[in-house]
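The structure appears below as structure tokens.
Residue numbers (the working numbering), protein chains in the order written: chain A, 1 to 282; chain B, 1001 to 1282; chain C, 2001 to 2282; chain D, 3001 to 3282.
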């Protein structure tokens, strides 16, 4: 596959936007290989993902020119290059299922990015990370050390030029300050239930309540206390025959697949964030 | 199929319960055709559904004897006869999707019961109900008339000897008093979302929030304000390509299938209520 | 919603197609409200569905002009108007589940078309069809009368100007001659199993084989003996607890939802047929 | 959890079987903790899985006695002890997704058994196997060496006292002779499509055919050329937006989860083989 440019646009809808965008690419000698747009008629907003092969070796210049062009249309735009391998850092704790799953998918070539480091607030998975050839950074965190630990994490992320953080069952809440200072996307995974539960030991609560479905949700972490824009969700059916251990095991499987799909979409430039929601060009 | 007895039992677990129950049936000349039991080891509770063909025409006597026997084991028990056709009353409002679906499934022979009447707080679906050959009772209800209207409903249910009420998108909350006085099961269906929403126009809220899954939950109505024991749940996947109208249409389909399955299980004596949850012997 | 034009295009891929198409619409004063395209890079084929509001009341003229324009691009094209209500004829036999489901969805406003008549090779469902206010035509068919009966069907379809035939569990194979002479789309629904079975009583065979999934497939009927282009498929999980009757019931539910979704997509101009396959712009 | 006995029974159905079995256990001081039975009324066959805690340390004696007892009822029976860790050997080739998935689930404690060795017809995954602390045996196989290679495999399996072989994308057909001589269960995983395809490169064929669902099936390998008794199946939805690579990736995910679930059920004594089918007591 030749190297492409991928643009994610959104802004006020008006006639001619598709023609203007595709016309610009055609006039610059580019060849569109995927384009998907969405018109939110209620909100009057236009969304587009367009991927094209530029003429010759003009990726950087075309990306800059396209940004100017799109801004002139009143659009917010992000342009990335398919040849660019997004630098990913995993934040983990003690649970290893999402960790193994993400690393193995990365090694199998499923992700358009590179895992460059692993950060753990516990040291338990350090040997496994190093076994995969990944640098492991143990940064313990407690109520008292939170600010200092987050400062260490931020310094590391800057040094690594991390472009995406994945909370792979990290089990710690990132402060609003951390998210602001990092200023780049953070993807989180958590369990979801119908109906929802507050408090700890959610699978025990779900079992006690006799729920028939358990779920998982992958979303961007945001400064607000509520969960951020949802990228992906899925559920599995359970019955009274499943004990708490079965629910936890099924939950692990959901967390793995839901998170991996969200990460894959993000790395392929398929997720456009708009207010509190996402548009996923899958 | 010969006529059977169906018992739903639960109580403190202890060794020998399965042997005692199956032994009793064998000694009384019965032939077990289905038996399913569940031991909740955490709570120390035994649950069983057992269905058998009694020897000869002894159904009523055997049912009574079995109740005494099970009580002697410390079990709560319900015994029903498969030949008995549970008398069902539908409560509806203006939406017709669950109404049509339930009536057509009943006519197709999918339900072990008889729909004996339809009650509407609006008259809109009266002609359709009568077109299906079903008596339709228009009992309007408003904040002022609620007590009087519920009294009318209760009188009707008693006159009809109704054994199950299905709220097929009835859109009114039954009072705790109504539920107590009726004293028999009431099954309700409502939409469910991940995350949950409060307030009106839930599909509009879900669309605005960008949810990726919409769901429906069938449950028994209870006196408590929160929803009662869950019988069945299901979800459907949605994307930004689906408008609010699509979400509502998909919601209708979920409501139909989730409610119909819950009703089928209830009528076949497969749902055992235990505290706030159900054990479904599907 | 204003009335729109919907074009389905496909042909040899080359740079600038999206720009040309959207440019043409813009220049003619149209406003694109949905556009979705797909590039099959292996086959070198471009597929597009584009829907737009023309300027003023120029639908018919713009449709004709667009056809000429698209042909000039080397594209095969179909253009329809959203205001046009496709004329649909249902072919049924004795099974009524898909029949009721389609008619009720039509009455609920789910379909962009009109059911104008019902044809049955048995008279069983005639009264129900008339109860829905639909003309019912009883055209019996047997091995001996097949040619004559199909001639009657064709005459009726021509008289009604039928644009789509839905085989809603019609249980008869249409001859290649019939399909050629009708010359318009015919959608069929049938059960599907993993692994596949030949011969009669498929649900009995599936039960005997212990399959864990049963399925349904909606496809266009074609002259070839094998099944035509697939529009939609779905499956349901079954266990040993499900008897043959349960499999048949679950199969009915699958057939209803899979067929209804296929019909909805077809009527909204979302299904592009390409060789033996479809591209569904859902 | 105390150590239990697990019996899988089947044979001609007749009244009193449940009472006889549970009575036997009760009389021997055992405590049933799970019991599930199924009556195939058409075939007249009784199936049961019963799990109980024997009185004291009498597992081996009780297992032997129960076998005699069940044979006396005309039942075929298998009795295993939950404390026994089934000895599992993985057969692999070059694909690593099922291999990693099974080993990591085993290490996470999801399987009631022990992986004791890995056999590969290629050496590619040897280092990874050893990295997990597993003995790896490279036994190349070709058309000419097939008999000799299978003899080596059989010798190894005997030496290891292997009780289950899992073909984790092994890509070689085991000879009928191998299966007879091994005489113990072999579980295989393969892709499944609706409709089915013959020949190579199945995902390419599925893509060319425009299938909307891809699937995977886990089954016992049998001497017959057709596939053996099905243990588990699942499907995933695909659209024209998914290229062949996406189908292959989704197929890998299906293969992993379908195979792991089948293995988990087998190791927990939940799968009863009966003729060409299975009864899974999940």
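Note that beta-carbon positions come from the ideal geometry of N, C-alpha and C, so glycine has one too.
Here the structure is a predicted model, which means the values were calculated and not measured.
Whether residue 2306/C touches residue 2187/C by CB criterion (8 Å): With chain C covering only 2001 through 2282, there is no way to say anything about residue 2306/C.
The alpha helix (DSSP H) enclosing residue 2153/C, as first and last residue numbers: 2146 to 2160
Partner residues on chain D for residue 227/A, Cβ-Cβ distance less than 9 Å: Residues of chain D passing the Cβ test: none, with the nearest at roughly 25 Å.
Cβ-Cβ distance between residue 253/A and residue 270/A below 8 Å: no
Extent of the continuous beta strand (DSSP E) to which residue 86/A belongs: 86 to 92
Assigned exposure category for residue 3228/D - 16 Cβ within 10 Å defines buried: buried
Through-space distance from residue 1020/B to residue 243/A, alpha-carbon basis: 26 Å
Residue 3205/D CB to nearest heavy atom of the ligand NAD below 7 Å: In the structure shown, the ligand NAD is absent, as is every other ligand, since no ligand is present at all.
Stretch-stretch touch, CB-based, cutoff 8 Å, three pairs: the segment 2016 to 2035 of chain C with the segment 2044 to 2052 of chain C: yes
Continuous alpha helix (DSSP H) stretch holding residue 2246/C: start and end: 2244 to 2267
Neighbour flag for residue 3217/D against chain C, beta carbons, 8 Å: yes
Among 1074/B, 1081/B, 1007/B and 1035/B, nearest to residue 1057/B - alpha-carbon criterion: 1081/B
Contact the segment 1037 to 1049 of chain B vs the segment 1062 to 1069 of chain B: 3+ CB pairs below 8 Å: no
Proximal chain C residues relative to residue 3241/D, where beta-carbon distance stays under 8 Å: 2038
Minimum C-alpha distance to residue 2009/C - residue among 2241/C, 2235/C, 2169/C and 2074/C: 2074/C
Nearest candidate by alpha-carbon position, reference residue 2264/C, set 2072/C, 2106/C and 2146/C: 2106/C
Length of the line joining the Cα atoms of residue 185/A and residue 3168/D: 37 Å
Contacts around residue 278/A, its chain only, beta-carbon distance under 6 Å, and the 5 residues preceding and following it disregarded: 229, 231 and 271
Endpoints, the alpha helix (DSSP H) within which residue 25/A is located: 17 to 27
N-terminal and C-terminal residue of the alpha helix (DSSP H) that residue 1229/B is part of: No alpha helix (DSSP H) holds residue 1229/B; DSSP gives it neither H nor E.
Assigned exposure category for residue 2224/C - 16 Cβ within 10 Å defines buried: exposed
Same chain, Cβ closer than 7 Å to residue 3129/D, neighbours up to 5 away in sequence not counted: 3118 and 3136
Chain D contacts from the segment 72 to 105 of chain A (Cβ-Cβ distance under 8 Å): 96, 97, 100 and 104
Sufficient close CB pairs (3 or more, under 8 Å) joining the segment 2156 to 2163 of chain C to the segment 3151 to 3163 of chain D: no
Beta-carbon gap between residue 1179/B and residue 1222/B smaller than 8 Å: yes
Any chain C beta carbon closer than 8 Å to residue 3235/D: yes
Classification of residue 2173/C by the beta-carbon crowding that lies within 10 angstroms, buried from 16 upward: exposed
Distance, residue 2096/C Cα to residue 1249/B Cα: 22 Å
Alpha-carbon to alpha-carbon, residue 35/A and residue 1208/B: 24 Å
Nearest residue (CA-CA) to residue 115/A, options 131/A, 14/A and 89/A: 89/A
For residue 1280/B, the nearest candidate out of 212/A, 38/A and 246/A (CA to CA): 212/A
Own chain residues within Cβ distance below 7 Å of residue 122/A, not counting five before or after: 93 and 94
DSSP-derived helix/strand/coil call for residue 3049/D: strand
Distance between residue 2153/C and residue 2139/C (C-alpha atoms, nearest Å): 7 Å
Spatial distance of residue 183/A from residue 113/A (CA atoms): 19 Å
Rounded distance between the beta-carbons of residue 2234/C and residue 2215/C, thought under 8 Å: 6 Å
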